[in-house]
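1 is the number of the first residue of the sequence shown in the UniProt record's numbering; add one for each residue after it. Positions of the beta carbon are idealized from the N, C-alpha and C atoms, including for glycine.
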Amino acid sequence: MWQDLEKALRNVAYAGVGVAALALEKAGEVGKVLVEKGEVAVEQGKQFNEELQQKLQDAAQKRQEERFNSTVSAMSAEEREELRRRLAELDELEKEAEACATGEVPPEDNVTHLPTDQAESSEENSDQP
1 MWQDLEKALR NVAYAGVGVA ALALEKAGEV GKVLVEKGEV AVEQGKQFNE
51 ELQQKLQDAA QKRQEERFNS TVSAMSAEER EELRRRLAEL DELEKEAEAC
101 ATGEVPPEDN VTHLPTDQAE SSEENSDQP
């Protein structure tokens, strides 16, 4: 009888050790699965964030274009012509700046001269303390 009890207690002890080992193994597997799912969730979050930013940029650009179009359509013919002229001037200045940056224009040609009435008033202001 004592031998049967001893054998049963030994089996219970072995079963307890086995359960602990099995629980540890399963916990490791579950941990790996959770880590993998977490990595996937982070990647999906990054992708969602990028898509959201792109949508917001597209929407902002669309609103800006709509405002520009409504502003231009509200302008008079003279105002639109003045805008075209000013944009052409800006394009020319941009081309000159690019040419200067790449060294296509010699430095002495890279000087912007003020009209004489502005240049004289600048000189007068520079003489004053």
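Backbone CA spacing between residue i and residue j [nearest angstrom]
{"i": "E94", "j": "E82", "result": "18 Å"}
{"i": "R67", "j": "A60", "result": "11 Å"}
{"i": "E78", "j": "E50", "result": "43 Å"}
{"i": "L90", "j": "E96", "result": "10 Å"}
{"i": "A15", "j": "L56", "result": "60 Å"}
{"i": "E100", "j": "R85", "result": "The residue asked about is misnamed: residue 100 is Cys in this sequence, not Glu. Approximately 23 Å, taken between the alpha carbons."}
{"i": "G18", "j": "V30", "result": "18 Å"}
{"i": "L24", "j": "V40", "result": "24 Å"}
{"i": "A74", "j": "Q47", "result": "41 Å"}
Whole runs of the alpha helix (DSSP H) within the region 21-109, excluding any shorter than 4 residues: 77-102
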